[in-house]
Structures are given as C-alpha cells and as structure tokens.
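Chains A and B, in that order, are what the protein sequence lines are. Per the working numbering, the very first residue in the first sequence carries number 8; after that it's consecutive. Per the working numbering, the very first residue in the second sequence carries number 8; after that it's consecutive.
Number of protein chains: 2
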Amino acid sequence: MSESDSAAARAIELPFPYLLFLGDVEDKGHAKTAFGLRDWVPEKCVAELALPAAQVSTGLPAMRPAEAKAHGARSLVIGVAASGGAIKPGWMPSLIEALEAGLDLVSGMHSRMADIPLLVETAQRLGRKLIDIRVPPANLPVGTGLKRSGRRLLTVGTDCALGKKYTALALARGIAARGVACDFRATGQTGIMIAGGGMPMDAVVADFEAGAAEVLSPAAADDHWDVIEGQGLLFHPSFAAVSLGLLHGSQPDVIVVCHEPGRHRMLGSEDFATPSIEEAIELNLRLGSRTNPTIRCGGVSLNTSELSADEAEAMIAAESKRLGLPVADPVRGGAAFERLVDCCLS
Amino acid sequence: MSESDSAAARAIELPFPYLLFLGDVEDKGHAKTAFGLRDWVPEKCVAELALPAAQVSTGLPAMRPAEAKAHGARSLVIGVAASGGAIKPGWMPSLIEALEAGLDLVSGMHSRMADIPLLVETAQRLGRKLIDIRVPPANLPVGTGLKRSGRRLLTVGTDCALGKKYTALALARGIAARGVACDFRATGQTGIMIAGGGMPMDAVVADFEAGAAEVLSPAAADDHWDVIEGQGLLFHPSFAAVSLGLLHGSQPDVIVVCHEPGRHRMLGSEDFATPSIEEAIELNLRLGSRTNPTIRCGGVSLNTSELSADEAEAMIAAESKRLGLPVADPVRGGAAFERLVDCCLS
Numbered sequence: 008m009s010e011s012d013s014a015a016a017r018a019i020e021l022p023f024p025y026l027l028f029l030g031d032v033e034d035k036g037h038a039k040t041a042f043g044l045r046d047w048v049p050e051k052c053v054a055e056l057a058l059p060a061a062q063v064s065t066g067l068p069a070m071r072p073a074e075a076k077a078h079g080a081r082s083l084v085i086g087v088a089a090s091g092g093a094i095k096p097g098w099m100p101s102l103i104e105a106l107e108a109g110l111d112l113v114s115g116m117h118s119r120m121a122d123i124p125l126l127v128e129t130a131q132r133l134g135r136k137l138i139d140i141r142v143p144p145a146n147l148p149v150g151t152g153l154k155r156s157g158r159r160l161l162t163v164g165t166d167c168a169l170g171k172k173y174t175a176l177a178l179a180r181g182i183a184a185r186g187v188a189c190d191f192r193a194t195g196q197t198g199i200m201i202a203g204g205g206m207p208m209d210a211v212v213a214d215f216e217a218g219a220a221e222v223l224s225p226a227a228a229d230d231h232w233d234v235i236e237g238q239g240l241l242f243h244p245s246f247a248a249v250s251l252g253l254l255h256g257s258q259p260d261v262i263v264v265c266h267e268p269g270r271h272r273m274l275g276s277e278d279f280a281t282p283s284i285e286e287a288i289e290l291n292l293r294l295g296s297r298t299n300p301t302i303r304c305g306g307v308s309l310n311t312s313e314l315s316a317d318e319a320e321a322m323i324a325a326e327s328k329r330l331g332l333p334v335a336d337p338v339r340g341g342a343a344f345e346r347l348v349d350c351c352l353s
Numbered sequence: 008m009s010e011s012d013s014a015a016a017r018a019i020e021l022p023f024p025y026l027l028f029l030g031d032v033e034d035k036g037h038a039k040t041a042f043g044l045r046d047w048v049p050e051k052c053v054a055e056l057a058l059p060a061a062q063v064s065t066g067l068p069a070m071r072p073a074e075a076k077a078h079g080a081r082s083l084v085i086g087v088a089a090s091g092g093a094i095k096p097g098w099m100p101s102l103i104e105a106l107e108a109g110l111d112l113v114s115g116m117h118s119r120m121a122d123i124p125l126l127v128e129t130a131q132r133l134g135r136k137l138i139d140i141r142v143p144p145a146n147l148p149v150g151t152g153l154k155r156s157g158r159r160l161l162t163v164g165t166d167c168a169l170g171k172k173y174t175a176l177a178l179a180r181g182i183a184a185r186g187v188a189c190d191f192r193a194t195g196q197t198g199i200m201i202a203g204g205g206m207p208m209d210a211v212v213a214d215f216e217a218g219a220a221e222v223l224s225p226a227a228a229d230d231h232w233d234v235i236e237g238q239g240l241l242f243h244p245s246f247a248a249v250s251l252g253l254l255h256g257s258q259p260d261v262i263v264v265c266h267e268p269g270r271h272r273m274l275g276s277e278d279f280a281t282p283s284i285e286e287a288i289e290l291n292l293r294l295g296s297r298t299n300p301t302i303r304c305g306g307v308s309l310n311t312s313e314l315s316a317d318e319a320e321a322m323i324a325a326e327s328k329r330l331g332l333p334v335a336d337p338v339r340g341g342a343a344f345e346r347l348v349d350c351c352l353s
C-alpha cells in the first residue's frame, strides 16, 4: 500500500465565471455541459462562443474571448462533447484566441489538453492554465479515516445515473436557504464545472481514493455542511471501489439514498438487479459506520420523472409511509422536499 | 464513470529468469526483494550482481550481466530498496551494462525508470524494455462482473501485512502438488516479481479496479484454479476501495481469511480495531456474492509466528473447533494445512 508524498493536495479549483464554448455542435444533446452550467449556475456564465457551423445556442450573449474577458470571464469552458472524447482540430483557433485574450481553458474531454503541444506551448508562453478536470490533483494523500470537524451529507444510489448529482445540488440549495453554511462538493465532471471545483473521484488511483475524498471535504466549522455528490454504488460490479472509497473518505453524518421507481436492472449492467432502497440504506450505513459510527439515513430522493404529478405525489407518500423516512423528488420540490431537508439537518 | 478504450489489456509479464541486482546494499532488510526471490523462486534466479560496497549476498553465483545473459538470464531485477524509493546514481553503470548485455530491466521502486532519460534512451537504442512494476498496464477495461470459466481463490485479511501473499503462494503450491492446474496471481510488487507477472492493484485508477482484477484472472479451463493474492481489507479506512474492486473482479469461488492472533489494532491505523475472523468472513462473502453467488469460505490462515510450536498447534485446533472451519498456518504446514487445501478444492 502507498504512502503519501505530500499532505498539501487540494481539490481542483476552476477560475470562473466562464465563457461557454460550443464549437460546431449540431444538437443540444452534445452540449449538455453548456446547458447544465447555464441552468444551474447562470451567475458563473458570462457568454457563449460558437463556430459558424454550430446549430445550438444557450441563449447567453455571444462574445469573442476578448469581449468576454472584458465582461469578467476568467476561463473558457469546453461545453460540448465530440464523439471519441477528442478536442477537434477546428476548435483550436478559438482555444488559442481565448488563451491570447487572457482566459484559462477548462476541459472535461477524455483527451487531455496537456497532450496537445500547441496548447501547452501557447499557455506556457502566456502564463495561462490548461485545466483537464478528468486529471486528479497531484500528491493526493492516503486516507486516515480520522474524524474531521464539520458535518457531511453524501448522496448514494440504487444505480448509476438516477439523480445523485441533482439531489446533492438541490439539498445544498435547500440547506443554504435555511441560512446554514453549506458547500456542494462535486465528484464528477459536470458537477465540478457547476461547483467551480471538486475531485474527479473515478480518475483517482485506488490507493488514494479515500484520501481524495478526505481532501474534497476538509475539516470545517462544527455547524458547516458539505453536501457531497455520490458516485456509482456499493453494489456495482464495475465501480463499487469508487463508491466505497468515497463513502469512507467522506465519513458522512447523513446519507440520502437516490432511487428511480421501476428501475429493476442496472444501467449498462443488465445482468445485475438493482438493490432495493432498504438494502442500499443498510449497506451504506454498515460500511460507512467504519469512519463515522453515528452515520444515519436522512431520507430518500425519488426520481419520478417518468410519472405524472398525481402518480408521483401518491408514490412519494406511499414510500415515505412504507420506509418511515422523508421521501421527496427534488425536481418537484414542495413540502416533501422541505421535510427531507429538515430530517437531514436534525 | 469511464468506458473502456480497449479490451486488449493484459497483466504485466516479466522476462525471467532474473539477474538479481543488489547495488551497494548494506543490510539484508533493504534487500528483501532479492532474498524473497531467492527463497520462493530459485528456479527464476540465475545469479546476483553487487557493487563493491555491498555488504550482503544471496549466495547465488556472482555474474556480470553478459555472463548472466549467457547463462539464460533475460532481465536484471533491482532487488534492493533505497531510502526514498529512488534509483541511486551509483547504480546507473550497472543498469546500462545490463541493457547493453541484452537484459531488460525490472524495477519495483517508487521512482520510475521511465522518468530517467539515460535509461530510456539506452533502452530504446538497444530495443530493450524498462518494466516499472508499479505502473499498471495501459488500456485496462471497466469490469463487467460477468461470470468467467475457471475457478478462483482469493486470500483476504483482518488487517494488512499478516500473510495474504504468503498464504496465496502456499495454497497455490499445495493445490499444484495435488496435480491440479493452478496459477498464483500476484497483486503487489513482491508477488509480481515472484510470479513473473501480475497486476499492481493499488496503482490502478479506481474506475478500472474491478476490470484490472478481471484481466489478472482471465477465463480458464473449468478445472483450473487461480489463487489470487489479496490486498488490504474491506474494513480498512484508507484502502478498502482496492479490496472491494479486487473482490468483485476476482469473483472468487473460495476465500481464505488470513489473521494474526493478538493483532487487535490495525497496522498504521491504530485508531481502528481489526475485525474478527467471523466479521471478515461474513462481509467478504456478502459483498463477494455480487459477482459470484456461490462464494464460500474455505478456511482460515493463522499467522502464528509469535507463538511456540505447542502454542500454535493448540490455537489452530481451538480456532478450527470454534469456527467449524479448517485452520492452518501455512508456514508450519502439516496435516492442518492439507485439510485447508482439501476444503478449498472440495
């Protein structure tokens, strides 16, 4: 097992506000990052920049990099996905223009900007940063498991891709709305851009997984809450290592279990059944108690996007009664969601 | 979560037999790798090479690289540890001489040979390989969790550093001695050198942890056994991610729990109690059943190195009775160990 090279590692920090780069994107599906940023953090988005071939707009003002810089932008975010995860050659003039205008570049693409010599040379010459958010910080420490001050909430799931990020964002807003000091702690690419920082937990070397989670949610004031975006699930045959390291390192006081009714087989792993809500609660509490013996479940977040409003309301009420816990769909909000926030903070 | 770039990844393979390089080592403690190789796989060791300042010998014949090559050696293994994990400048002439003699270089040091330009240039010029065994293979796939043919045994533990590697090696020998086809699958640096290959599980990116374990123990004949070296433990506040990915990806039919009597606090994490043998059995079977529903415990390996022969015998008998399972110390062997092998194969 590894030893730490340094205790000085910090989570990724992004220079915002952003200029959203759309490239030559032809449909909204490939510009999910740009639209997610516009919807979740409009205050972090100054403008958009698209090539003439682009078919999509976020509705933000169109600006060249120099104009965006004059309006306060500090970085250009590549807000589109290209097939294969590569940075397209046709995007390069815009990226160089952004560096020359004094903006840093932020990318969540699979291919790394650090591997493109022209970008590296230009950024070095101009003193600008290339931030590949799939690359974890250097010198991550091994986890200690020791209790830190501050309070923590982790969203966990019964499958991938059913609302752990959305739930964490909504809970962080709900907690902050009560006047309680609170930070959303992002663990995936989109979440990191929304938060303006975070830790790409799936890209961390396994020996440092718990340590990376400890860095992400450092010691804080006793009444401060970190709301941490979950990744994967403990039951996942491919990604459970990520989930367990995140659980141990986050040492949450409270978990909220995210579930989509009717999802019986695991997304992308259809040979495996999804666990029940009760199984997910029980296993997360059991394993999480290793680093936080007082861990408890604050409630359940139901993704009812496939249901009508009436169906959703009925299911939320029935599940809450069945489980004896607050249940809410954060997208629908309402009194049920307020009860969920109450229970998390209680 | 990540997607695979390629399904062609393979475990590390080392070119053996070896020339063991001792450098200028002054004590046996810093030459553990060389002595481990001599003891475990003398058939893989041709000779040793030491600098004049060295104070230690493995007892193998001393040869220059060219002579070792003529005697069949295919690689020079750095069999010593230097403080800080670095390759010392004084070693370089010997390493260059080995490359020029036609040997590849194998290192388990923290500092990478791939980061030393003179070694890289010399190896490229001569068509030789530099194998840093702390560096995982490229293009590891995401795990699938799907059942593979062949049978698998994983050693697991109630703490780190109490005999998981030794137990796996001994069980692999015991199984092979019955005429059953069997491979030892190494997951740590020393084990990889002993086996002549393997997977450095602690250095794999977390998203690929289970996939790396799947690559390490590929589909095999129905009556073939892979005996897989465990890493860490599911209860470890720092390293549990490694252990869970290895458990899921190995999909073991049988686990053997390794334990040291009297070890009540975790090594290097003294704030945490070690789990009991029963807790380790139960949690490994529960989580392992996700990828192998027929997983079972084959027995317990006790590290009785702190006990006298009589004390060890009494404790082994008492623990076997208490747990209702075969219990043995593989270092002591004997009938108890044969019963453990029997139960694993049954």
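Glycine included, C-beta positions come from ideal geometry on N, C-alpha and C.
Per DSSP, the continuous alpha helix (DSSP H) segment holding W47 (chain B) begins and ends at 39 to 47.
Contact residues of the stretch 271 to 283 of chain B toward chain A are S276, D278, F279 (C-beta to C-beta distance below 8 Å). Taken in chain order, the whole alpha helix (DSSP H) runs of length 4 or more contained in the stretch 236 to 271 of chain B are 247 to 257. Near chain A, meaning a CB-to-CB distance below 8 Å, the residues of the stretch 213 to 225 of chain B are A213, D214, E216, A217, G218.
Per the C-alpha coordinates, the member of A:D229, A:V264, A:P225 positioned closest to Q238 (chain A) is A:V264. Non-local C-beta neighbours of V334 (chain B) in its own chain, meaning closer than 7 Å and more than five positions away in sequence, comprise G306, V307, L309, I323, E326, S327, A343, ordered along the chain.
In the displayed model, A54 (chain A) falls within a strand according to three-state DSSP. Fully enclosed alpha helix (DSSP H) runs of no fewer than 4 residues occupy 99 to 107, 124 to 133 of the stretch 98 to 157 of chain A, in order along the chain. With respect to chain B, the C-beta atom of F242 (chain A) has a partner C-beta closer than 8 Å.
Residues M322 of the same chain have their beta carbon placed closer than 7 Å to that of L314 (chain B), with the five preceding and five following residues left out of the count.
The beta carbon of A57 (chain B) lies closer than 6 Å to those of L29 in the same chain, with the five residues before and after it left out.
Per DSSP, reduced to three states, the secondary structure at V163 (chain A) is strand. Counting only the Cα atoms, C52 (chain A) lies some 15 Å from A73 (chain A). Among the residues of the stretch 255 to 267 of chain B, those with a Cβ less than 7 Å away from any Cβ of chain A are H255, in the order of the chain.
Rounded to whole angstroms, the separation of the alpha carbons of C189 (chain B) and A247 (chain A) is 28 Å. Using beta-carbon distances, G164 (chain B) does not count as an interface residue toward chain A, since no partner is under 8 Å. Between the alpha carbons of S224 (chain B) and R185 (chain B) lies a gap of roughly 21 Å.
Between I94 (chain B) and M116 (chain B), the CB-CB gap stays under 8 Å. Out of A:D209, A:V261, A:A61, the CA that lies nearest to the CA of A88 (chain A) is found in A:A61. Taking a C-beta distance under 8 Å as the contact criterion, L251 (chain B) and L251 (chain A) qualify as a contact pair.
Shown here for V249 (chain B): same chain residues with a beta carbon closer than 6 Å to its own, the five before and five after excluded, namely M208, D209, Q238, G239 in chain order. Listed in chain order, the non-local C-beta contacts of P259 (chain A) below 8 Å within the same chain comprise R159, L160, L161, I235, G295, N299, I302, local neighbours out to five positions each way being set aside.
The beta carbons of D111 (chain B) and R141 (chain B) sit about 16 Å from each other, so the pair does not count as a contact at 8 Å. Residue range 303 to 309 is occupied by the beta strand (DSSP E) that includes R303 (chain B).
Taking G275 (chain B) as reference, the option from B:L254, B:D166, B:G181 with the minimal CA-CA separation is B:D166.
Of all residues in the stretch 134 to 168 of chain A, only V149, G150, T151, G152, L153, C167 come within less than 8 Å of chain B when Cβ atoms are compared, listed by chain position.
Unbroken alpha helix (DSSP H) runs of no fewer than 4 residues, entirely contained in the stretch 177 to 218 of chain B, are found at 196 to 202, following chain order.
Take the alpha-carbon of I284 (chain A) and the one of V48 (chain A): they are about 31 Å apart. Its Cα nearest to that of T65 (chain B), the residue B:G86 stands out among B:A75, B:G86, B:G79. Rounded to the nearest angstrom, the Cβ distance from A217 (chain A) to G157 (chain A) is 17 Å, too far for a contact under 8 Å. Taking all protein chains in view, the Cβ of R45 (chain B) is crowded by 16 or more other Cβ atoms within 10 Å, so the residue is classified as buried.
V84 (chain B) places its beta carbon less than 8 Å from that of M200 (chain B). Leaving aside the five residues that flank P143 (chain B) on each side, the residues in its chain whose CB is nearer than 6 Å to its CB run, in chain order, P207, A210, V211. When DSSP states are grouped into helix, strand and coil, I85 (chain B) belongs to the strand group. Contact annotation for V249 (chain A) against chain B: M8, A213, D214, E216, A248, G252 [CB-CB distance below 9 Å, chain order].
According to DSSP, residue pairing for M273 (chain A) in a beta bridge involves A:S276.
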